[in-house]
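Note that our numbering has the sequence shown beginning at 12, numbered continuously upward. Note that the Cβ used here is the ideal one computed from N, Cα and C, for glycine as well. Bear in mind the structure is a predicted one, so any value in this text is a computation, not a measurement. Structure record follows, encoded as structure tokens.
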Amino acid sequence: MPGERLRSVLVAGGGITAWCAAAALKRRAPFLEVTILRCTPSREALADRIACTLPSLLGFHDDLGIGAADGIARTASGYRLGTLFRGWATRLPDYVHAYGRYGRSLGPTAFHLHWVRSVLEGARAAPFDSHSPAAALARAGRFAPPMPDTPFADHEYGLTLDLSRYRTMMRAFALHVGVREIAGEIADVVRDTGDRIAAVELAGGSRIVADLFVDATGPDATLRGALDDVRDDWSAWLPCDRVLIADGSAEPLVLTTAVAHPAGWRWSSGAQSGFAYASGAISDAKAARVLRNPAGTAPGEPIRVRPGTRPHPWRGNCIAIGDAATEVEPLEWCNLHLALSAIDRLIAMLPGRVSTPGEAAEFNRQTLAEAERVRDFLALHYRVARRDDPLWQAVASAVPPSSLAHTLAQFAERGRLPFYEEETFARDSWAAVLIGQGVLPRRIDPLVAAVPAAAAQTAMARLTTEIAAALPHIPTHAAYCAAQTRHLLP
């Protein structure tokens, strides 16, 4: 009936996550009255503060109709193809986790199984990531979008954002599509007699009412936290509970570096550097000294991280997204991705004016499944790390989540990688980390015998040769960005 239709949504928050949510809701459901309560952004909301993003951001732009000129060139964003991991497995070479395929299909089995057979049978094999076109581009500091009929035909890429300019762009876009903006600070959350929010009271005494409330206020979860604070704790598997961030002065790098440290790991993307660490393994003062910044920019105060998630981000008429729902260290750059995924899921599952229990339950089921597999992928890095530091040893020896234990057991036996619903990372990504950190299965999958070993080795060598031959013809990342800017912004 007309009176049951969802009419109004209030998005609370002042960072990128809030503006993305408001813009997407109004753009894709224009019949809604979407209001954003622009309050002071949380400094501890990593989804709003980490410059590196996954390829999913580009899909989010496409859904909203944001083109390259606005989403990339005008915001001075850079492209990124993956992450170089250094020191995560002592005495093993650095490896690249790149976005896109590794190798080419050979018969009925995944490429990584043929590479594993070569290694287990003692044949000479090039490093696993040398069979990734995106990894080769990234190591060479080069970039181009996928180009048909070349080795670089189907790779993926994310962005390195200029966070201030990107937030300004998303705000302008949201206002352009009809989002109403109210500036203010939340003084109180008024509940009705059930598990619903009746209104948000502002510091000046005014109230905002809505049918649905979206909480993008960061870890404090000012709205959703007024209903309950039930959380799942992941600190046994994700040890870093502090993050330091410093702005850089260099151009964004196409290959982000993540360097292991006895107390955590540090990263550099050119435009930003950071250090994720366990407060029990190093003091904040010493951590600040670890984060050396060539430009001399000192890091701000440490950001606290409580690794974990809300198993029920949607309760009543309030939905938590971003850090209000899930907190993880920025390893593999999933923070903003989880927020954008929740926004997409919300739009696909928009309720009526009053949601049914089944709608909230399905949203929560899918969201939790996605968050837990992201947890597993991040925990994988620590679980299979080869380091002697006490912190790393303690995390590696902790009993893993059952879903991660299942994945590790399947890979350890014959190199198989089970795929779960709501996966963020493809099987090639799992293989890249496992193999990059020195994990090989005990046995060879029988199906690889469908392709003779010699034929598989010839195909692998051919691919690396083709990549090497094509690589010099690809522009450097800086040259590509400069040419794109000239073309899009004459």
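Quiz item: Do the CB positions of residue 482 and residue 147 come within less than 9 Å of each other?
Solution: Contact flag set, yes.
Quiz item: Expressed to the nearest angstrom, what Euclidean distance is found between the alpha-carbon atoms of residue 27 and residue 109?
Solution: 25 Å
Exercise. Run the CB neighbour count on residue 103, radius 10 Å, all protein chains shown included, and call it buried at 16 or more, exposed below.
Key: exposed
Quiz item: Relative to the alpha-carbon of residue 248, which residue among 216, 412, 225 has its alpha-carbon at the smallest distance?
Solution: 412
Exercise. Please name the residue or residues paired with residue 258 in a DSSP beta bridge.
Key: 283
Quiz item: Can you find at least 3 beta carbon pairs, one from the region 26-41 and one from the region 70-86, that sit closer than 8 Å?
Solution: Touching, yes.
Quiz prompt | residue 447 - containing beta strand (DSSP E), residue span | solution = Residue 447 -> not in any beta strand (DSSP E); alpha helix (DSSP H) instead, spanning 438-447.
Quiz item: Can the beta-carbon of residue 255 be found less than 9 Å from the beta-carbon of residue 310?
Solution: yes
Quiz item: Assuming residue 302 contacts residue 257 under a Cβ cut-off of 8 Å, what Cβ separation, rounded to an integer in Å, is found between them?
Solution: 6 Å
Quiz item: Rounded to a whole number of angstroms, what is the C-alpha to C-alpha distance between residue 399 and residue 421?
Solution: 26 Å
Quiz item: CA-CA distance, residue 364 and residue 223?
Solution: Cα to Cα, the separation comes out at about 8 Å.
Quiz prompt | Beta-carbon proximity check, residue 184 vs residue 447, cutoff 9 Å | solution = no
Quiz item: Going by the beta-carbon positions, is the gap between residue 419 and residue 444 smaller than 9 Å?
Solution: no
Quiz item: When you compare only the Cα positions, how much space is there between residue 383 and residue 410?
Solution: 15 Å
Self-check item: residue 174, buried or exposed, once every other Cβ within 10 Å from all chains shown has been counted against 16
Solution: buried
Quiz prompt | Assigned secondary structure, residue 60 (DSSP; H/G/I helix, E/B strand, else coil) | solution = helix
Quiz item: Under a CB-based cut-off of 9 Å, is residue 365 close to chain E?
Solution: Looking at the structure shown, chain E is missing, and only one protein chain is on hand.
Exercise. Could you tell me which of 62, 179, 78 sits nearest to residue 49, measuring between CA atoms?
Key: 179
Self-check item: For residue 344 and residue 63, believed in contact at Cβ under 8 Å, the rounded distance
Solution: 4 Å
Practice problem: Taking 9 Å as the cut-off, decide whether the C-beta atoms of residue 428 and residue 407 are in contact. | Solution: No, they are not a contact pair.
Quiz item: Among 89, 478, 135, which one has its Cα closest to the Cα of residue 171?
Solution: 89
Exercise. From the DSSP output, read off the bridge partner residues of residue 108.
Key: 94
Exercise. Following the continuous alpha helix (DSSP H) through residue 354, name the residue where it begins and the one where it ends.
Key: 346-359
Quiz prompt | Where the alpha helix (DSSP H) containing residue 465 begins and where it ends | solution = 464-481
Quiz item: Given residue 341, which residues of its chain have a CB within under 6 Å of its CB, disregarding the five upstream and five downstream residues?
Solution: 57, 61
Practice problem: My understanding is that residue 220 touches residue 92, with C-beta atoms under 8 Å, so please give their C-beta distance in whole angstroms. | Solution: Contact doesn't hold; Cβ gap of about 46 Å is too wide.
Quiz prompt | residue 39 versus residue 358: straight-line alpha-carbon distance, rounded | solution = If you take the alpha carbons of residue 39 and residue 358, they lie about 8 Å apart.
Quiz item: Who are residue 19's beta bridge partners in DSSP?
Solution: 44
Practice problem: On the DSSP bridge assignment, give the partners of residue 560 in chain order. | Solution: Summary: the structure shown does not reach residue 560, with the chain confined to residues 12 through 501, and so no result is reported for it.
Quiz item: Would you call the region 113-125 and the region 466-478 touching, i.e. three or more CB-CB distances under 8 Å?
Solution: yes
Quiz item: With 16 other CB atoms within 10 Å as the buried threshold, where does residue 327 fall?
Solution: Around the beta carbon of residue 327, 16 or more other beta carbons lie within 10 angstroms, which makes this residue buried.
Quiz item: Quick one: is residue 494 buried, meaning 16 or more other Cβ sit within 10 Å of its Cβ, or exposed?
Solution: exposed
Quiz prompt | For residue 80 and residue 150, the rounded distance between their alpha carbons | solution = 26 Å
Exercise. Find out if the Cβ-Cβ distance for the pair residue 549, residue 169 is shorter than 9 Å.
Key: The shown model of the chain, from 12 to 501, leaves out residue 549, and the question about it has no answer.
Quiz item: Distance, Cα to Cα, residue 187 vs residue 42?
Solution: Each residue's alpha carbon lies about 15 Å from the other.
Quiz prompt | Beta-carbon gap between residue 153 and residue 488 smaller than 9 Å | solution = yes
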